[in-house]
Amino acid sequence: MTRLKPSRRELAAIAAGIGASLALGRAEANAPSGAVQERRDLYPQGVASGDPYPDSVVLWTRRPPVGGSSASGLVVEVARDDGFRNVVARGRAAMSADNDWTCRFLAAGLRPSREYFYRFVDEHGFASRVGRTLTAPAQNADVPVRFAFVSCQDPTQGGLQAWRKMIFEDTRRPEAERLKFVLHLGDFIYEIVWYPEDRANGMLGRRRLRDLVRYPTGEKIRDFHVPTTVEDYRTAYRAYLTDPDLQDARARWPFVNVWDNHEFSWQGWQSLQAFNGPPRPAATRKVAANQAWFEYQPARVRQMDGLRFDRFTPPAVSNAATFDASTIDDDGIDREPNNLAAINSLLIYRTLRWGKHAGLTLTDNRSFQAPGRDGSMFGVQGYNYFLPQDANDAIDIGRAYRGGHPPQTIRFNNQDVPNPSINLPPTTTLGPTQRAWLIEQLRSARTTWKIWGHSFGTLQWRTDLQNLPAGFTPAWPSQSYGLM
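In terms of the numbering used here, the sequence shown opens at residue 1 and continues consecutively.
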């Protein structure tokens, strides 16, 4: 969604499209009947909010059947106080097994730069925990922006401990210095799961594995397991979101989310998977991954059929028998029809704004990423991820290197090695459509700061291999040139 502020008519249409009737004031017709009782056990993944605008925010919860208690719909309440004495908006929202009992709700008609509290109440009067959210300032507001960015969390290896420290520090700051939102730059889940029994003594390196995620279907590859169905991907999100610290963080701040690779597949690109081997078509898994992300993240994203908030509509795709490199075009996009349908099934690149000073542009660095190039002939022993800069740039930029005059050979280790990319087009990370969109957003933005939120390191850098471990490389020079 590229526009920063939809009209009130558009907001009303969106609310109608998600089955949500949101009213200003007390809206008694939508009020829960009888007393309201908080029952966190009936909302086992907590609550969340996301993508704040000056006049609206996306709210989220999950209310599955629990212990014989089920719900057919929810009332959503938004208030200025956590006791809900000053309710400013109410609406109704539906959920079903088709979307794993998750609920996405657009709370509209709000005021800029306000703190709000929200909750979900079922027809029995059982309520979720109370969530807190904030709306963005008006676009001309001269206010600072204070946010945190995070990424890469894996509770199966004890990787969620930072949330409690963030909350602890934020509550002790003066109110004016507290965080306004959290920017999550991907790897919200790790789809690769080691079951404790598959590792010696249940250890992965120095970490003791926690038995949190078990895929109903899944596939075992060597000593780890990966998801294969939407229910598998949902299983990971459900397990992660039972963590109390992550729940408290999502209930405290609005989140702005993008994905990285592990929301789909570790070595995946577009809708293909590669587990240290040849690419494998996996369009069905990519669609499943996108659906689960959509269901569990409160974000303003687009589907192939337009902007939808309530449910994901998966395209009908199948997995090609084998990967055919001849279907990749000069932009690095695999034109195989199932791949195109899968990677376009959910478009998460979008913009948000925080007053007059901060414009946030978010990109998807995985769904349109070109296949990697083989640079193994230039590898440094013991540091396989590092390449000499000239070799790295020549391989990545291909026939466009040095203004269209790439070298026939590249000097390495006192030898002239044939340039493997001399006739190949530049690689892509964003794809042509998204890259053109990004450039236009950066060019047209009038904010003091243009913040690019994505899952890679942006700046070029060099390293002394004596002082840094393997595992890092500036892997996309052809795409970063011209942006900074």
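C-beta atoms are modelled at their ideal positions from N, C-alpha and C, and glycine is treated no differently.
Does the beta-carbon of residue 168 have 16 or more other beta-carbons within 10 angstroms, so that it is buried, or is it exposed? exposed
Check residue 104 in the structure and name its three-state DSSP category. strand
Using 8 Å as the cut-off, can you tell me whether the region 87-97 makes contact with the region 268-286, which would need three or more C-beta pairs spanning the two stretches below that distance? no
Are three or more beta carbon pairs between the region 178-186 and the region 145-163 nearer than 8 Å? yes
Since residue 492 contacts residue 52 with CB under 8 Å, what's their CB separation in whole angstroms? As displayed, the chain neither begins before 1 nor continues past 484, which places residue 492 out of reach and without an answer.
Straight-line CA distance for residue 23 to residue 370? With a pLDDT of 40 at residue 23, under the threshold of 50, the predicted position of this residue should be treated as unreliable, and no value is reported.
Cα-Cα separation between residue 159 and residue 153, rounded to whole angstroms: 5 Å
Residue 177 to residue 133, Cα distance in whole Å? 16 Å
Between the C-alpha atoms of residue 212 and residue 235, what's the straight-line distance to the nearest angstrom? 10 Å
For the ligand HEM, any of its heavy atoms closer than 6 Å to the Cβ of residue 224? This structure lacks the ligand HEM; in fact it carries no ligand of any kind.
Alpha carbon to alpha carbon, what distance is there between residue 350 and residue 435? 12 Å
For the region 360-375 and the region 415-428, state whether three or more C-beta atom pairs, one from each stretch, are separated by less than 8 Å. yes
Can you tell me whether residue 454 is buried or exposed? The criterion is at least 16 other CB atoms within 10 Å of its CB, across all chains shown. Residue environment analysis places residue 454 among the buried positions, since at least 16 neighbouring C-beta atoms fall within 10 angstroms of its C-beta.
Proximity of residue 283 and residue 273 at Cβ, strictly below 7 Å: Not in contact: residue 283 and residue 273 (Cβ atoms no closer than 7 Å).
Quick one: Cα of residue 402 to Cα of residue 303, how far? 39 Å
Could you compute how far the alpha carbon of residue 415 sits from the alpha carbon of residue 387? 15 Å
Quick one: what's got a C-beta closer than 8 Å to residue 358's C-beta in the same chain, skipping five residues either side? 145, 447, 448, 449 and 451
Use the C-beta contact count for residue 222: other C-beta atoms within 10 angstroms, 16 or more gives buried, fewer gives exposed. exposed
Pairs of beta-carbons, one from the region 102-114 and one from the region 57-66, closer than 8 Å: are there three or more? yes
Between the C-alpha atoms of residue 115 and residue 309, what's the straight-line distance to the nearest angstrom? 23 Å
Pull the bridge partners of residue 154 from the DSSP assignment, please. 159
Going by DSSP in three states, residue 191 sits in which element: helix, strand or coil? coil
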